[in-house]
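Residue numbers (mature numbering (1 follows the signal peptide of the UniProt record, and there is no 0)): -34 to -1, 1 to 197.
Now the structure itself:
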């Protein structure tokens, strides 16, 4: 009798265990696809996207800052940060973007690998629009070496790494010893002077016949009635 009763109670006991297990599992966090997000992406800069309100930082890469300037092979200054942003925007186009990641940085951005027709992280480094961010990952070092060898993107000229730029490091300008401060006259007639650390110093040519001139320093330029270039 005792053994028969025990056998009859087994299905009931098993059912109870299953129900308890299901109840327990229903309260557990689901990790599958945790941090994943997909949809239309807005490009913030060369390594940052936003999808449906979620700000995303591309894993393992660091692109020039939005305001960052680089020099081309001829020493002319150009807006490499803006170009990096444009390159990311162009490769995405109208496609949906799928991002996979599970951690966030100190700014609350999801750190993710994102793809459209290509893996965006890899594309940006291989095309020379971002560097491998070795502090956090070595995933894209090979792509960086290819970009460097092929002299594409920012590798075509001179640049400061994005992390150094954020610390205030800037490219050392070649100063024309004969013209340390360049006094240029704009089309509007405004007299503007350019210093070696300015965006337009390298490309500014002085035409003495138009009244343009060189100054030994900024003080001399200001005393002569010229204003400093805003960039």
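Just so it is clear, CB atoms sit at the ideal spot from N, CA and C, and this is done for glycine as well. Since this is a predicted model, take the numbers as computed values, not measurements.
| Item | Value |
| --- | --- |
| Contact belief for residue 25 with residue 103 at Cβ below 8 Å, rounded distance in angstroms | 6 Å |
| Rounded C-alpha distance that separates residue 59 from residue 187 | 47 Å |
| Assigned secondary structure, residue 194 (DSSP; H/G/I helix, E/B strand, else coil) | strand |
| Cutoff 8 Å; reference residue 5; Cβ partners in own chain excluding five residues on either side | 17, 18, 62 and 63 |
| N-terminal and C-terminal residue of the beta strand (DSSP E) that residue 180 is part of | 179 to 181 |
| Residue 98 in three-state terms, based on DSSP | strand |
| Expected contact under 8 Å - CB spacing of residue 113 and residue 91 to nearest Å | 6 Å |
| Beta strand (DSSP E) segment containing residue 172, residue limits | Unbroken run through residue 172: none, as it is neither H nor E. |
| Alpha carbon of residue 71 to alpha carbon of residue 181, nearest angstrom | 47 Å |
| Whole-number beta carbon distance between residue 123 and residue 37, since they are thought to touch under 8 Å | 5 Å |
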